[in-house]
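K.L.:
The numbering of the sequence shown is full-length UniProt numbering, which starts it at 1 and goes up by one. Backbone N, C-alpha and C define an ideal beta-carbon position, used for all residues, glycine too. Sharing a structure with you now.
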Amino acid sequence: MNFLGNIIWIIFGGIFIFFEYIIGGLILCLTIVGIPFGIQCFKFAIVGLAPFGVKITDTSSNTGCLSTIMNLIWILCGGFWIALTHLFFGILLCITIVGIPFGRQHFKLMNLAFTPFGKSIS
């Protein structure tokens, strides 16, 4: 089911999400300051290409408050709008019965887009 869901996801727009996050990540990686944010965009691209079967978990690391500070910078510099876009598409897809699994994937992306630092993909 995950394979079929990912194929349908790619055909109906997942490939565009993938390329948007890859291009955004490459642009952010052009500056030294933007590299951590670009790496998070690459994380989004992986999940955006094939979200079915992907688990997003919180990681406990010894970085102290660094992930919190980076998440605050991320939210202020556009993460809020990315999360809001995924929320909109998730609600839109959940209106129909057929779109509910795809809406749930947008909610998963919304969670990752709001606070990407301190989370891992498995």
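Lys55 and Pro116 - do their beta-carbons sit closer together than 8 Å?
P.N.:
On the sequence shown, residue 116 is found 116 positions in, with the first residue counted as 1. On the sequence shown, residue 55 is found 55 positions in, with the first residue counted as 1. No. Outside cutoff.
K.L.:
Can you find the residues in the same chain that come closer than 7 Å, C-beta to C-beta, to Phe102, ignoring five residues on each side of it along the sequence?
P.N.:
Residue mapping note: residue 102 aligns to position 102 of the sequence shown, counting from 1. Taken in chain order, the residues that qualify are Trp9 and Leu93.
K.L.:
Just curious, the beta strand (DSSP E) that Lys119 is in, first and last residue?
P.N.:
The residue labelled residue 119 in the question sits at position 119 within the sequence shown. It spans Lys119 to Ile121 - the beta strand (DSSP E) in which Lys119 sits, taken as one unbroken run.
K.L.:
Exposed or buried, residue 131, counting other C-beta atoms within 10 Å across all chains shown (16 or more means buried)?
P.N.:
Residue numbering for the chain in the displayed model covers 1 to 122; residue 131 lies beyond these limits and cannot be assessed.
K.L.:
When the distance is taken between beta carbons, is Gly25 closer than 8 Å to Cys41?
P.N.:
By 1-based counting over the sequence shown, the position of residue 41 is 41. By 1-based counting over the sequence shown, the position of residue 25 is 25. Closer than 8 Å, so yes.
K.L.:
How would you call Val98, buried or exposed, if buried means at least 16 neighbouring beta carbons within 10 angstroms?
P.N.:
Residue numbering aside, residue 98 sits at position 98 when the sequence shown is read from its first letter. Label assigned to Val98: exposed.
K.L.:
Among Leu28, Met110, Phe16 and Gly13, whose alpha-carbon lies nearest the alpha-carbon of Ile91?
P.N.:
Walking along the sequence shown from the start, residue 91 turns up at place 91. It is Met110 whose Cα lies nearest to the Cα of Ile91.
K.L.:
Determine, for Ile7, whether the minimum Cβ-Cβ distance to residues of chain D falls below 8 Å.
P.N.:
In the structure shown, chain D cannot be found, because there is only a single protein chain.
K.L.:
How about Ser120 and Thr68: are their beta carbons less than 8 Å apart?
P.N.:
As a position in the sequence shown, residue 120 is number 120, starting the count at 1. As a position in the sequence shown, residue 68 is number 68, starting the count at 1. In this structure, Thr68 does not lie closer than 8 Å to Ser120 by Cβ.
K.L.:
Short of 6 Å in beta carbon distance, which residues of its chain neighbour Thr85, apart from the five on each side in sequence? Order them along the chain.
P.N.:
By one-based count along the sequence shown, residue 85 stands at place 85. Contacts found: none.
K.L.:
What are the start and end residues of the beta strand (DSSP E) that includes Ile23?
P.N.:
Reading the sequence shown from its first residue, position 23 is the one you call residue 23. Premise fails: Ile23 lies in the alpha helix (DSSP H), Ile15 to Leu28, not in any beta strand (DSSP E).
K.L.:
CA-CA distance, Ile95 and Phe19?
P.N.:
Taking the first residue of the sequence shown as position 1, residue 95 is located at position 95. Taking the first residue of the sequence shown as position 1, residue 19 is located at position 19. Computed Cα separation, rounded: 26 Å.
K.L.:
Pick out whichever of Ala50, Phe37, Met1 and Leu30 has its Cα sitting closest to the Cα of Gly79.
P.N.:
The residue you call residue 79 lines up with position 79 of the sequence shown. Here the closest residue by C-alpha is Phe37.
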